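Worksheet: the structure to be examined is printed underneath.
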Amino acid sequence: MISRLKTALRSPLPYWQGLARYRLKHWDAADGCFAAALEKSPDHAPSLFKRGMVRWMNKKWMEAFPYVQKAVFLRPGNEIWMTRLRILEDKLETESPPSFLSEEEILVRLEREPDSAFLHSELARCFRLGNKWWLQIDALKAALEIDGNNSGFHSRLGEALEQMHRYREAAAEYERALELADRSAVWHYKAGYALSRIPDAGPAEMERSRAFYQAAIGHPSNQKQQHLGLGYFHQKFSRWQLAADAYEEVARSLDADSSGQALFNLACCHDRNYRWDKAEQGYEAAIQRHDCEAEWHYRLGFVRERQGKHQAAATAYRNAAESAPKLVPAWYYRLGQVLAKEGEFAQACQAFRLSREADAGGAGPDLEWLDGPVGPGTGEARVEETRDRLARETARDATDPDAWWKLGNCHEALSQWSEAAEAYNQCVMRTPGHDPARYYRLGACLAKLGRHEEACEAYASLRPIRRAHGLNKSTFQGDSAFRKVAIYTEYYETLAIRPGMALYESFHGETMSCNPYALFLDLLADPSRADWIHVWSVNDPSLVPERFKGMRNVIFVVRGSDAYMRHLASAGVLINNVTFHPYFIRKEGQIYLNTWHGTPWKTVGKHIQGEPFVYGNISRNLLQATHILSPNPHTTDILTRAYEIDGLAHGDIIETGYPRIDLTLNATDAEKEAMRKRLGIDGSRKVVLYAPTWRGSHATPELEADEVEREVNRLKEGDCHLLFRGHTLSDSRGLAHHVPDDISTNDLLSIVDILVTDYSSIWFDFLATGRTILFYLKDLEEYTAARGIYFGIDGLPGPVARNLDDLLAELRNHLRGDVSPAPRIETARLEFCPHEDGRATKRVLERIFAPRSRPLESTEPQVLMFGGKLLPNGITSSLANLLDASAGSPPRITMLAESKWLKETEPEDARRMGRLAAAARILPRVGRANFSHEEMWIQQRFRDDGAIPDSEEIRGIYQHAFAREYRRLLGESRFDAAIDFEGYNTFWTALIGCAPGHLVGHKAIYQHNDMMSECCVRFPYLTQVFELYRHFDRIISVSRMTMDLNNASLSARYGIPDSKFDFVENVLIPSRIRDLAAGEPEGDADIFDGIGPVFITVGRLSIEKDHAKLIRAFAKVAKRNETAKLAIVGDGPLRLQLEGQVRSLGLEERIRFLGFRENPFPYIRKSDCFVLSSNHEGQPMVLLEAIILGKPIIATDIVGSRGVIEGRSGELVENSDAGLARGMREFLKGGIAAAEVDMDAYLTKALQAFRAKSCGLGDAAPR
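Listed below in structure tokens is the structure:
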């Protein structure tokens, strides 16, 4: 009783409040209370359990699972909770529920509770979520050793074994699960399926497979679907071809009255295999049966539409819509689409009209916002009065889409169709979100005018996804980021380019300013472009300057909104001074001018100290651009090098001066006088502008604001009119001399006499005026160390003050005129402002609208490479060696990598990334891929099946998606070769393999291992990579023997010609390894103390390295040799398991786990013998490194090791405990020694092979 009371007192108050609501079945209120309790106490198990039960009561099994799971984890003794968890597992037997538990916290508990079957089971669940099937198998086997009669464990083990293609073992586990609890038809099906997939299955196993299939069909839980036979189960698991074959058989055996559903399902399977003709025949046959449903007509229409049979599709869609028990808007929408494709625009408008009216009652204009009734003969005067008022309002301020919407409503209610259409058009161009009602009304008015084709285009926008994909919307649910890029991708693929539209963006939508603003003003004033539409991307429409608000042809859209994406995908001209969103891709035919935003003095891009890889989206945008604007050679040089686009940029780089500086130089006397008047400036004193760079912290902007205010107050002591312009965070304090935001900086500079600044690029603009610049560099050393600058203060065109007193003194001197012009000012003007004559805007526009000149081709071969996740492993080491050895000589290598992989969280990460960046161009990948709903579905199917269906259309869609992703990342950049150096990542293999052929020449992919063994032991998904080999010209193994092995195991199975297989040995730099080995070990050097010999192995602690075998072998040797020791260098998922093995053998003092070492070579140098126990390798680089360091070697006799050791140095032993033990004993007797090998000659040969075979440059040596 006391214990329960203590527990109750420890529970947060919201828990008790939630419990009361839970008992009243007020589920939402209860859930809010439990959530509040978890905010106070995140590990409060009862609250977790109750949150799970709230979802249980709403039958949201997937959402309930992680809450109940974690509650059980925190209180494993609660049997009721455990029972609930088991029930959830049964309900989700074909799903992969999420988990709130991490591998780390489960492993920590397992250290304390190694006999907990539940913990081993949940560890297996974590491995499943990470697709680590091989580790899941070990964890479930451990659980079954403790609780062998748990049917769920056996079923899950069967699933994991099935994923690893170990079908015979999988079938045995499913059978055992059924012996323990025959509660699921699915388990029978899975057992039958696993048996059917055994490559060498005998007659008895195939008979058992059929028996399990029949048991699944006849199982009590499958009564409703028994008549559909085995096809139902194959379809449930998306095995479309197997399902089709099964349904064919079922359809033949059923009579005409009962076979309709089977025929429909058969057609669905052909549909999902993109066999449109067979699907069409199947749907037609199903529809002839008396039990036909309206959806069957819809699916018939869909497959006809995909075949381009638009008239026939229209018939089916019409039958579907008219026979449905209730109106289905999507079906009328598709009817409208196919009729429009046939040119039957008037009929299409009728169908589109029904799609909206069925959806939201869109028969007439929305006038509910008007007070009082409106109808024929009623309220017309009030409508006319409101129309006139709205017309006046939109003439004054055209920026409000709602005002245009209401104006359109009024015009439409008065049957003024043309005026209504114009108002609605203005409305939809400005409406931020996608609003179908507004497109509908526009289409309706255009239809009234007889402009049916234009109306159809408006109606087509009723839905953002307008193409027929035949899928449900589940992919969109819960993933707003995917939905956004999918919609942009749809706009990119479907919207036509509007040549008379320009979209402008400045500083990510913060202001209307800089070069885009100057170009906008010129284009807006151009009478030859009077019909152009000008779209501005802004973050806050309320800050739009008054002078533009009344212009109908100037549209303001919120950056990132639906309207923004539509205009971005369709505007003929795009002008930006920084970057568009990561999803942006320039379409063929669009002009994209990136103007940049100033001459750099402070470092940018990869040159920024401490932030070397944050430039991905800038590089990407510059590679998308058709034109890149630069004011001077210095900026050109910095932009191309700092953002890694030199030799790659396909756009014209034009040095013409800056349009924004034209605003300063060309300001008229009247304009300058108007600005002085607005700012309260008389002519009696000089105007001084203080414009510092913001250097504060986003967390504490007030600290800088205080400092700036102090500086402004001191500068006011000069006899001048002081103005201030700084960063927006600094401006928030409302300084009295702050210049209003709607005044552009370059307009402001036209009235400034003296500029006071620091590291801001504003001084380069002001330099063009020839007026005085004072530099206030109070923190030069600190700023230079933290950020970096491109040249020293000696090159500045004005005096430098290091403190506020000196700055004030310099200012007073210049105000009095007691100084001579700065000696560097003319030199600096020639260097940084060579084109600033007030006519830069005209030159820029002439260039971007003139036919494009041929971009400068790189003078050296360009090679694109993907090197993997850049983890500290053998592949990364091989890559780094290759890049180091190739640096400074052709080809120029560009390496792609995910931005998250380039983050430097540890010092060794920084050193590794720094080494790679010093030897190659690195382009970080930013943003998620622009895939459509259908493309995502195809990729998911590829992942599930391990193969792309035998459909040219599916393959074409897949390739198109990745070719588009290449263009998103690299624009029109051209490479002589592209290499997937890692070879383990389906996404990146597809990106390289499917890169557009006109942009990429030779394509190669590496095989760093016995790839079939890798697939069978660890990575079953590699079947996807093998399927993609067809897109590569060369498949490169890292040794001749590994090449022969991969050829033998893969060529016939995947249809790969023998001629594609080749080999290029890994690159090592002997001098570097010797230099690194010369140092002392970082720690744990005491293992080398004493008299005993030290065996060493270096490598990741993972299953293929088989350290467990080495430990068992060493244990045998240790029984007879009391001084020998074993050092294991490396880390990995099996470390805890291996440490437990050593403890069980009582060898903790003889076997030492040294963990990951950035530099393992001193350990190898100080050891006596190197041992490699791997079961499969490609070309073990560690053996070559041991040879360079002159170490005796013992290695298991596998293909990769044999390729290194034969003809060089080392001893191959049988791949077993006994073989390794014999080898170590032989070494102890003096029977194994190191041999001399010329590794410098090896390096030269490896580099030649890389250039010839991997890059396709020059003649390749024979294999």
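Sequential numbering of the sequence shown, starting at 3, is according to our numbering. Beta carbons: idealized from backbone N, C-alpha and C, even for Gly. This structure is a prediction, so every number in the text was calculated from the model and none was measured.
If you compare alpha carbons, which of the options is closest to residue i?
i	options	result
R841	N668, A676 and F977	N668
F983	G797, A921 and T878	T878
K780	L817, W298, N805 and I148	N805
A963	G948, H935, D947 and Y986	H935
F1229	E1238, S1203, A1197 and A1254	A1197
C996	A965, L884, L665 and A1129	A965
K1168	I1093, F1158 and V1144	I1093
F120	A141, L832 and A532	A141
I89	S891, E1029 and Q71	Q71
Just to confirm, are residue i and residue j a CB contact at a threshold of 7 Å?
i	j	result
R1020	W136	yes
G653	S860	no
S420	I499	no
L898	L925	yes
L1103	L1136	yes
L521	P742	no
G54	C35	no
K589	Y761	no
V252	G284	no
P1083	Y1008	no
W63	L94	yes
V1318	A1188	Residue 1318 lies beyond the residue range present for the chain, which begins at 3 and ends at 1265; the question has no answer from this structure.
H1004	V1040	no
Leaving out five residues before and five after residue i in sequence, what residues of the same chain have Cβ atoms less than 6 Å from its Cβ?
i	result
P434	V560, S563 and A565
R199	Y169
I663	D767, A770 and E838
S2	For the chain, the structure presents residues 3 to 1265; residue 2 sits outside this window and is missing.
S699	Residue placement at S699 is poorly supported in this model, since its pLDDT is 42, which falls under 50; the coordinates still yield a value, given next. Nothing listed; no residue qualifies.
M166	W135 and P1022
R976	L1001
G618	S901, P926 and V928
P614	K608
Residue i to residue j, Cα distance in whole Å?
i	j	result
C351	A460	10 Å
S13	R23	16 Å
E548	S763	28 Å
E456	L448	7 Å
I1190	V1184	10 Å
S1256	R930	29 Å
G511	P543	10 Å
S1218	F1172	17 Å
T228	E297	A quick correction: the sequence has Gln, not Thr, at residue 228. Each residue's alpha carbon lies about 22 Å from the other.
A919	I895	11 Å
V556	A488	28 Å
Y1023	C1017	7 Å
D1240	N875	25 Å
A126	P1095	39 Å
R1122	S1015	35 Å
F1	L464	Examination of residue 1 is not possible in this model, given that the chain is present from 3 through 1265 alone.
Give me whichever residues DSSP pairs with residue i in a beta bridge.
i	result
Y442	The partner list for Y442 (beta bridge, DSSP) is empty, contrary to what the question assumes.
S539	E507 and V559
P926	A899
K604	I791
Q1009	S1039
L1174	A1197
F1065	S1039
Leaving out the 5 sequence neighbours to the left and right, which residues in its chain are closer than 7 Å to residue i when beta-carbon positions are compared?
i	result
F1158	P874, G1132 and D1133
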